[in-house]
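Trainee: Just so you know, the sequences run in chain order A and B.
At position 91 of the first sequence (counting the first as 1) the number is 95 in the working numbering, and the numbers step up by one without a gap.
At position 359 of the second sequence (counting the first as 1) the number is 704 in the working numbering, and the numbers step up by one without a gap.
Glycine included, each C-beta is placed from N, C-alpha and C at the ideal position.
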Amino acid sequence: MANQPHDDPVYLHSRREALLILLLWGLSFFWTVPYCYLRGYQTLSNPEDLRLVWGMPAWVTWGVAVPWITCGILSILICLFVIRDDDLGHAGDEADSE
Amino acid sequence: MESFDLPLLAVRTSSAAVWTFLGYTVAVFVIAAMANRLLQGRHFLSEYFLGSRGLGVWAFALTFAATSASGGTFTGFPAKIYTHGWILALWIASYMVYPICTMGFLGKRINQVARKTGAITVPDVLRDRFDSRAFGLISTVLIIFFLGFNLVAQFKAGSVLLQTLLQDSTFFRVLRSGVEISMANASVFEGVNAGYLTCLLLFGIAVIFYTTYGGFHAVVWTDVMQGIVMVVGIIILLPLVLSQVGGMNQATHEMARMLPPRLGTATIVLPNAPTKAISTSDLWFRTVDQTEQVWLYRLSGTLTIPEGVQRVSEVKFVGIRTPEEIARQMQRFERPYAQERMETLKTQLIEAGVPTTRPDTAETNVATWPPTNEPALLIAELGEFHSYAQADQPGQYVMGPAPNLPSPEADVPASDAGFLPLGLAISFFFMWAISGTGQPQYMVRLMAFKDAKTLRSAIIAVTVYYGAIYFPLVIIFCYARILLPGMENEADKIMPALAVTVTENAGHGWLAGFLIAAPFAAVMSTVDSYLLVISSAVVRDVYQRNVDPDATEKTIKRLSYATTLIVGSVALAFAINPPRFLQDIIVYVGSGLAACFLVPVVAALYWPRANLLGCLGAMLGGFGMHLLMHLIGWQVYGEFTRPYDLFGFSPVIVGLGSSLIALIILTPLAPPPREELVRRYFCKGPSSLDDAVPPTAGESESS
């Protein structure tokens, strides 16, 4: 049989969405780990010098809390505008709904 | 066996706790009965193990979230936050992308592929994709191996938490006495704590029963209830903690001034031997040095002084070193609740014939109880105490690297590297989001949602849900250090201890029962899912696919019930003498499954060229390297659960890397998969069911 193009739309859309998700993971990784390492791994000469933002150490706020909120918003946007409502098929053994 | 007693849980909370437990149990049984009704008239296997692929948004979102949040979320994780401080925000940081990675990366595609062939388990998907019975069997064996381990660990967690919840109630004491009498005649139970066994039986029987009877829908609906309990628990706990530490600014600055405590042992000495046995916990001893500075030492765990015994040695203590913490703790001794507890123990000691004494306070290695100015009733002769590395450096709980616990058993200094060196921080960023994607027990849930729209909405729901649980947990248990100092030796119990403390302080002790239900719900929702994944592996992947493909629906039904019951009972039996390190086993299983399954499943779903040799090699390569790291760790450190970190990376990274290399090297060595297989999974066209592997008898009967 001749080679057919790999053109299943669920496969193509899922692959694109998976790559975007991988990109989002990369963004979160390259924001959080280097930032926290550079700003959070230090010795405090005086405890009163600790800089707080929103009541947390500043490195936690900018290195974890803010990217957490950002990634949350991006995740929601990806779900709303990127992930397609593809027809996933029918298995024959399934119920209509929950 | 370790003693699990935690009399810290006040008696006044016990009736609320019993009602919480009873209400909870009744609810899950009702759910199981409703789910069992759904089994009638539907394709049995698909309904029992996969809910007929019909999960809606909330059911799917909450079952996914609750299954992922295991006992570790409310025991091991809070213990780590308490021990190391704010650095745990980085440790858990990849949860910011966990929902979209674990659900979105594979979700739509694995759901579609499973529908194409009627697959109801992950080994089903792999076997059909590569048309290889051997691949299906190997993946089944790996799932049973890893999840079996984890099931035992989760049973232990469930029992420990339930004991914390119930132990002050009359209901529990009566049950425990019954179990104790039964155990007395059986040598197999030697050394087993009666309270632990009672709770193991209560918890285990409840979970096994509702899972066996109700199947997937029972598990999903109880997960929904449990998911709600968890988030409500956090929502109640957060404001209570924040109000009691004086707000975040003040509390974080206070943490910055904290010095790590010292850990050591002491010998408890009584002026004379008691005429009755005494058992107590949560005791503080004090010494006063020549400059009149008071130093406090908290007893770890439960102190039991048998009748007629005057000295008890090797009792673990934590010595507090921050003057501010000591002053605050001294104020707490004035509170009515603390006074009441002290009076109760004083009465017990006096009734047991123990007189008061005035020890020589010039001896700085002698600490006394009560920790106030009254004459002493108990004396602790302090032994050797170990300090953390850089013990006099403040700020360790708000910056990295955080302090590592010194080892009180061996004379080993704490590692200078501190907690969460960079390599481990990177490993954990992979560990949660990436390895979470590779867990077959979560993949099964991805095969159960109704349609793509359900998936999208569920990812949004879980993103919000996890944000509301995990980050607040870091805040709550960082500040638990302020509210409950000196719990380093029993940090696994910080969640129930904090729940009792903050609700007592707020004058709403009854709320503790509800808060303690949150971790209990987390364990229950994990155990039921694992149980079903293991039993589906046995029934579907071993029996129906390999032993008797023509088995009737009736046989499959009986076998499914029997297998779930037997698997649960065997795990329960192993949990009677469980492994010690719960969190280590959870990490071992999670990383091992990811090392085995992530690369082959991703290749199977997204790479048309992927073939049997490449994917099987990736699975075995990942498993082998992950195991090797643990075996080397066993040789080097003497513990299997303490792996060797190659180049500073945890075994999950090493396992995943090896798995990927094996895939890339081995795939070109074998021919591409057959054309019809590629067409079925990657090409547009008529439903692939038309040319799928013919259904087995059990399926065709009900279709």
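Is the beta carbon of T365 (chain B) less than 7 angstroms from the beta carbon of A867 (chain B)?
Mentor: Taking 7 angstroms as the Cβ cut-off, T365 (chain B) and A867 (chain B) do not qualify as a contacting pair.
Trainee: Counting only C-beta atoms, is V14 (chain A) closer than 7 angstroms to chain B at any point?
Mentor: Cβ-Cβ to chain B under 7 angstroms: yes for V14 (chain A).
Trainee: Does the beta carbon of P444 (chain B) fall short of 6 angstroms from some heavy atom of the ligand ADP?
Mentor: In the structure on display, the ligand ADP does not appear, and there are no ligands present to speak of.
Trainee: If we define contact as Cβ-Cβ less than 7 angstroms, is L1005 (chain B) a contact residue for chain A?
Mentor: Answer no: the Cβ-Cβ gap between L1005 (chain B) and chain A never drops below 7 angstroms.
Trainee: Count the other CB atoms within 10 Å of the CB of E392 (chain B); is the residue buried (16 or more) or exposed (fewer)?
Mentor: Result: buried.
Trainee: Out of curiosity, what's the CA-to-CA distance linking E599 (chain B) and E669 (chain B)?
Mentor: Roughly 9 angstroms between the two C-alpha positions.
Trainee: Taking the alpha carbon of Q693 (chain B) as the point to measure from, which residue in B:W566, B:T625 and B:R680 has its own alpha carbon closest?
Mentor: Minimum Cα distance to Q693 (chain B) is reached at B:T625.
Trainee: Kindly list, in the order they appear in chain A, the residues whose Cβ is closer than 7 angstroms to that of A778 (chain B).
Mentor: Per Cβ cutoff of 7 angstroms: W29.
Trainee: Checking contacts by CB at 7 angstroms: is P51 (chain A) closer than that to chain B?
Mentor: Interface residue, yes.
Trainee: In the structure shown, what three-state DSSP assignment does H598 (chain B) receive?
Mentor: The answer is helix: DSSP assigns H598 (chain B) an H, G or I state.
Trainee: How about N456 (chain B): is its C-beta nearer than 7 angstroms to some C-beta of chain A?
Mentor: It does: the Cβ of N456 (chain B) has a partner Cβ on chain A nearer than 7 angstroms.
Trainee: Does the CB of R19 (chain A) have a neighbour CB from chain C at under 7 angstroms?
Mentor: No chain C is part of this structure, whose protein chains are labelled A and B.
Trainee: Return the CA-CA distance between I861 (chain B) and G913 (chain B), expressed in angstroms with no decimal places.
Mentor: Taking the straight line from one Cα to the other gives about 24 angstroms.
Trainee: Give the single residue among A:F85, A:G59, A:D90 and A:P71 whose Cα lies nearest to the Cα of P38 (chain A).
Mentor: Closest option to P38 (chain A), Cα to Cα, is A:P71.
Trainee: When you check each C-beta in the segment 37 to 64 of chain A against every C-beta of chain B, which residues fall closer than 8 angstroms?
Mentor: The segment 37 to 64 of chain A vs chain B, Cβ under 8 angstroms: V37, C40, Y41, G44, Y45, Q46, T47, L48, P51, E52, L54, L56, W58, G59, M60, P61, W63 and V64.
Trainee: Along chain B, which residues have their Cβ under 7 angstroms away from the Cβ of V68 (chain A)?
Mentor: Neighbours of V68 (chain A) on chain B, chain order: A434, L435 and A438.
Trainee: Whose C-alpha, out of B:L961, B:L991 and B:I930, is nearest the C-alpha of P945 (chain B)?
Mentor: Ranking B:L961, B:L991 and B:I930 by Cα distance to P945 (chain B) puts B:L961 first.
Trainee: Using only the alpha-carbon positions, how far apart do A424 (chain B) and A803 (chain B) sit?
Mentor: Approximately 30 angstroms between the Cα atoms of the pair.
Trainee: Determine, using beta carbons only, whether C544 (chain B) and S504 (chain B) come nearer to each other than 7 angstroms.
Mentor: Yes, these two residues count as a Cβ contact at 7 angstroms.
Trainee: Would you mind sorting L615 (chain B) into buried or exposed? The rule is 16 or more other CB atoms within 10 Å of its CB.
Mentor: It is buried - the Cβ of L615 (chain B) has at least 16 other Cβ atoms within 10 Å.
Trainee: For L400 (chain B), name the three-state secondary structure that DSSP assigns.
Mentor: If DSSP states are grouped into helix, strand and coil, L400 (chain B) belongs with the strands.
Trainee: Using a cut-off of 7 angstroms between C-beta atoms, extract the partners of F33 (chain A) located in chain B.
Mentor: The answer, in chain order, is F774.
Trainee: Could you tell me which of B:I879, B:F968, B:T1012 and B:V981 sits nearest to A955 (chain B), measuring between CA atoms?
Mentor: Of B:I879, B:F968, B:T1012 and B:V981, the residue nearest in Cα terms is B:T1012.
Trainee: What residue range is occupied by the uninterrupted alpha helix (DSSP H) comprising Y733 (chain B)?
Mentor: From DSSP, Y733 (chain B) is part of no alpha helix (DSSP H); its letter is neither H nor E.
Trainee: Nearest chain B C-beta to H10 (chain A) closer than 7 angstroms, yes or no?
Mentor: Yes, H10 (chain A) lies at the interface with chain B (some Cβ there is under 7 angstroms from its Cβ).
Trainee: Have a look at W403 (chain B) and D568 (chain B) and give me their C-alpha separation to the nearest angstrom.
Mentor: Straight-line Cα distance between these residues: approximately 10 angstroms.
Trainee: Give me the residue from B:F775, B:L648 and B:L608 with the minimum Cα distance to E729 (chain B).
Mentor: The option with the nearest alpha carbon to E729 (chain B) is B:L608.
Trainee: Rounded to the nearest angstrom, how far is the Cβ of H562 (chain B) from that of L383 (chain B), given a contact under 8 angstroms?
Mentor: With a Cβ gap of about 5 angstroms, H562 (chain B) and L383 (chain B) count as contacting.
Trainee: Could you list the residues in the segment 711 to 739 of chain B with a C-beta less than 8 angstroms from some C-beta on chain A, going in chain order?
Mentor: Per Cβ criterion, the list reads Q738 and P739.
Trainee: Does the beta carbon of I77 (chain A) come closer than 7 angstroms to any beta carbon on chain B?
Mentor: By this cut-off, I77 (chain A) is not an interface position.
Trainee: For S79 (chain A) and L26 (chain A), what's the separation of their Cα atoms in angstroms?
Mentor: So the two alpha carbons sit approximately 12 angstroms from each other.
Trainee: Exposed or buried, E1 (chain A), counting other C-beta atoms within 10 Å across all chains shown (16 or more means buried)?
Mentor: Residue coverage of chain A in this structure runs from 5 to 102, which leaves residue 1 (chain A) outside it and unanswerable.
Trainee: Straight-line CA distance for A438 (chain B) to V68 (chain A)?
Mentor: Computed Cα separation, rounded: 6 angstroms.
Trainee: Please list the partners that Q805 (chain B) has in chain A, where partner means a Cβ-to-Cβ separation under 7 angstroms.
Mentor: Correcting the residue identity first, residue 805 (chain B) is Ile in this sequence and not Gln. Those are I80 and C83, listed as they occur along chain A.
Trainee: Give the range of the alpha helix (DSSP H) segment to which G452 (chain B) is assigned.
Mentor: Looking at the DSSP string, the run of the alpha helix (DSSP H) that includes G452 (chain B) is G452 to T462.
Trainee: When the Cα atoms are used, what is the spatial distance from T799 (chain B) to G452 (chain B)?
Mentor: Their Cα atoms are separated by approximately 11 angstroms.
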